[in-house]
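Residue numbering for the sequence shown follows my numbering, beginning at 36 and increasing consecutively.
For each residue, glycine too, the CB sits at the ideal point set by N, CA and C.
Every value quoted in this text rests on a predicted model; they were computed, and no experiment measured them.
A short worksheet on the structure shown next.
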Amino acid sequence: VLLGTDGAGVVRSIDGGRSWVASNAGFSERFVSRMVFDRVGQRVLAGIWGDRHHGGVFAASSARGPWYRFGTGLEGREVLSLALIGNEVIAGTDDGMFLSSGSTGAWQRLTTVVDGADLHPRVTDVIALPPRKVLAATSKGLLRTADGGRTWQRLALGMSTHISTLTVSPNDSNLVVATTPLGFFRSRDGGDTWAQLSAGLGDLLVHSVAFVPTDDTILYAATPQGLFRSGDQGATWGRATGGIPWADITGLAVHPDGRTIYASDFSRGGVFRTVNAGATWERISGEGLASERIWTLAVDPSSPERVLAASPTGGLHLLLPPAPPAAAAGGQP
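In structure tokens, the structure reads:
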């Protein structure tokens, strides 16, 4: 008996339904919320959103798989964000943060006690800065720890208690930008102090924000009403044009060359790419995708021409670089 499920994909029984095993060769149907490439551990990590029973974090030695569940202890949780801290992994969930154990692989809750209360926040974004500093964008404000999660502080960013996203410059770990529904904020000291840059983008929720690796003054922000660009670290913003739609842009990934950027339209579908720093955009072929409504994107840092795309149905897909042109007839192979 084969059974199609919501969350576990396809399961199979060979004894009339008394016992069941997965028949997915990994996790073909799960909703991937975030992807992280671990160069030190030589693995790829994927957080699962919306599946409390069969979710958690999955890992593979490469983007091609095979994939396996990474650790135990996240059962009943939705994973919304991921970050690496040394050889450990931090998972931001709908009920606080969890830290993987390097020795056992088990997940342990990081108690976020502020003013005597354990907050149990919804953690939409998390970044780790050397040596043991962690910043978390949560429903209870911006949380900061400098000791790997033993003690926490809550930092005020304007009037909003909800922090949407965080991003750190790939060239300067002290340069961090945070977004709230009421504005963009910048820290030049690794998140210790903050200054407001702008009042934000009206009432738009920012899905994700990213620096351009080759120029720390340029930021891109993915929103439900299109992609926006700033040339002054978030002080002023303008809508990206040149062929990218005014739609719900959720996925955003920047190539290390700073000129190649990928963005995905979650409302109507499609992955768009620019190779000239945003001057013009083209919709790339969706051949092979189970769905062109892509939620998140990631560029493989070890091979930046390879791009991972995750849709709410169909699991992960890998965009491969084009094959080299065939040798001319009669030429050398």
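When you compare only the Cα positions, how much space is there between residue 285 and residue 164?
Position 250 of the sequence shown, counted from the first residue, corresponds to residue 285. Position 129 of the sequence shown, counted from the first residue, corresponds to residue 164. If you take the alpha carbons of residue 285 and residue 164, they lie about 25 Å apart.
Just the Cα atoms here: how many angstroms apart are residue 77 and residue 107?
Indexing the sequence shown from 1 puts residue 77 at position 42. Indexing the sequence shown from 1 puts residue 107 at position 72. Residue 77 and residue 107 have their C-alpha atoms spaced approximately 20 Å apart.
If you drop the 5 nearest sequence neighbours on each side, which residues of the same chain put their C-beta closer than 6 Å to that of residue 51?
Taking the sequence shown and counting its residues from 1, one reaches residue 51 at position 16. Counting only Cβ-Cβ distances below 6 Å, and skipping sequence neighbours, we find nothing.
Residue 125 burial status per 10 Å Cβ neighbour count (16 or more: buried)
Taking the first residue of the sequence shown as 1, we reach residue 125 at position 90. Residue 125 is buried by the Cβ-count criterion.
Between the CA atoms of residue 301 and residue 256 - distance to the nearest angstrom
Along the sequence shown, read from residue 1 onward, the residue named residue 256 stands at position 221. Along the sequence shown, read from residue 1 onward, the residue named residue 301 stands at position 266. Distance between the alpha carbons of residue 256 and residue 301: 15 Å.
How should residue 241 be labelled, buried or exposed, when 16 other C-beta atoms within 10 angstroms of its C-beta is the threshold for buried?
One-based indexing of the sequence shown puts residue 241 at position 206. Residue 241 is classed as buried because its beta carbon has at least 16 other beta carbons within 10 Å across all chains shown.
Cross-strand partners of residue 200 (DSSP beta bridge)
By one-based count along the sequence shown, residue 200 stands at place 165. 214.
Distance, residue 109 Cα to residue 296 Cα
For the purposes of this step, residue 296 is identified with residue 261 of the sequence shown, where counting begins at 1. For the purposes of this step, residue 109 is identified with residue 74 of the sequence shown, where counting begins at 1. The alpha-carbon atoms of residue 296 and residue 109 are separated by roughly 33 Å.
Proximity below 8 Å, CB of residue 158 to CB of residue 146:
Taking the first residue of the sequence shown as position 1, residue 158 is located at position 123. Taking the first residue of the sequence shown as position 1, residue 146 is located at position 111. Not in contact: residue 158 and residue 146 (Cβ atoms no closer than 8 Å).
Selection from 342, 354, 213 that minimises the alpha carbon distance to residue 225:
Numbered from its first residue, the sequence shown carries residue 225 at position 190. Minimum Cα distance to residue 225 is reached at 213.
Quick one: residues in its chain with C-beta nearer than 8 Å to the C-beta of residue 337, no 5 flanking neighbours on either side, listed in chain order?
Along the sequence shown, read from residue 1 onward, the residue named residue 337 stands at position 302. Only 72, 74 meet the Cβ criterion.
Grab me the residues of residue 317's own chain with a C-beta within less than 8 Å of its C-beta, minus the 5 sequence neighbours each way, in chain order.
Numbered from its first residue, the sequence shown carries residue 317 at position 282. If we look at residue 317 and ignore the five residues flanking it on each side, its Cβ neighbours are 278, 307, 308, 309.
Cα-Cα separation, residue 219 to residue 234:
To locate residue 219, count along the sequence shown from 1; it is residue 184. To locate residue 234, count along the sequence shown from 1; it is residue 199. The straight-line gap separating the alpha-carbon atoms of residue 219 and residue 234 is approximately 7 Å.
What is the DSSP secondary structure of residue 168, reduced to helix, strand or coil?
Here residue 168 refers to the residue found at position 133 when the sequence shown is read from its first residue. Looking at residue 168 - three-state DSSP - the assignment turns out to be strand.
Hey, would you say the C-beta of residue 305 is under 7 Å away from at least one heavy atom of the ligand SAH?
Although the ligand SAH was asked about, the structure shown includes no ligands whatsoever.
Tell me where the beta strand (DSSP E) around residue 252 begins and ends.
For the purposes of this step, residue 252 is taken as residue 217 along the sequence shown, with counting starting at 1. Residue range 250-258 is occupied by the beta strand (DSSP E) that includes residue 252.
Taking the CB atoms as reference points, tell me whether residue 245 and residue 254 lie closer together than 8 Å.
Sequence index remark: in the sequence shown, residue 245 carries index 210 (1-based). Sequence index remark: in the sequence shown, residue 254 carries index 219 (1-based). Yes, the pair counts as a contact, with Cβ atoms nearer than the cut-off.
Hey, could you find the ends of the beta strand (DSSP E) residue 33 is sitting in?
Coverage of the chain is limited to positions 36 through 368, which leaves residue 33 absent and any answer about it impossible.
Start and end residues, beta strand (DSSP E) containing residue 176:
Taking the sequence shown and counting its residues from 1, the one referred to as residue 176 is at position 141. Start and end: 176-180.
Between residue 196 and the rest of its own chain, which residues show a CB-CB distance below 6 Å, the 5 nearest in sequence each way excluded?
For the purposes of this step, residue 196 is identified with residue 161 of the sequence shown, where counting begins at 1. Once the five neighbours on either side are set aside, the close Cβ partners of residue 196 are 176.
Note down, in chain order, each residue of its chain lying with its Cβ closer than 8 Å to the Cβ of residue 67, except the 5 sequence neighbours on either side.
Numbered from 1 along the sequence shown, position 32 holds the residue referred to as residue 67. Closer than 8 Å at the Cβ level, and outside the excluded window around residue 67, lie 81, 82, 83, 84, 330, 331, 345, 350, 351.
Below 8 Å between beta carbons: does that hold for residue 291 and residue 356?
For the purposes of this step, residue 291 is identified with residue 256 of the sequence shown, where counting begins at 1. For the purposes of this step, residue 356 is identified with residue 321 of the sequence shown, where counting begins at 1. Contact annotation: residue 291 and residue 356 have beta-carbon atoms that are not nearer than 8 Å.
Go through its chain and collect everything with a Cβ distance to residue 249's Cβ below 6 Å, but skip five positions before and after it.
Numbered from its first residue, the sequence shown carries residue 249 at position 214. Hits under 6 Å: 293.
Just verifying my parser: in three-state terms, what is the DSSP assignment at residue 268?
Here residue 268 refers to the residue found at position 233 when the sequence shown is read from its first residue. DSSP places residue 268 in coil when its eight states are reduced to three.
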